[in-house]
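K.L.:
Handing you a structure now.
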Amino acid sequence: MTSKTSYDSTMTREEVAAYLHAIADEFASGEEDATIDLGNKQVTVQPSDKVNVDVTVTERDAMLRKNRQKLDLELKWRP
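Going by UniProt numbering, the letters in the sequence shown line up with residues 1 to 79, in that order.
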């Protein structure tokens, strides 16, 4: 069975930093479970000691629109 929960929000740079710090703190706590806030919902995950990290930055130049950049951060593991 697969369950997927998504969260999409617009934040300030400071809010993004605080959100990522909160996730990092959960991973760094050493506890078996890490609780992640996803909007009005919390999801508990059980990251293993080894986590695969995939970071992708996409830069798009647009002639008629503003340039765009995107950073994707994916963390994968087997509990």
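The beta carbon of each residue, even a glycine, is placed where N, CA and C say it ideally should be. Computed from a prediction, not measured in an experiment: that's the story for all the values here.
Which residues does DSSP pair with Lys-66 in a beta bridge?
P.N.:
Answer by DSSP bridge pairing: none, since Lys-66 is not bridged.
K.L.:
Could you pull the start and end residues of the beta strand (DSSP E) that Glu-31 belongs to?
P.N.:
Counting along the chain, Glu-31 falls outside any beta strand (DSSP E), and DSSP gives it neither H nor E.
K.L.:
With which residues is Asp-54 paired in a DSSP beta bridge?
P.N.:
DSSP, once it has assigned bridges, lists Glu-74 as partnering Asp-54.
K.L.:
Sort out for me which residues DSSP pairs Lys-4 with in a bridge.
P.N.:
Answer is none; Lys-4 lacks a bridge partner.
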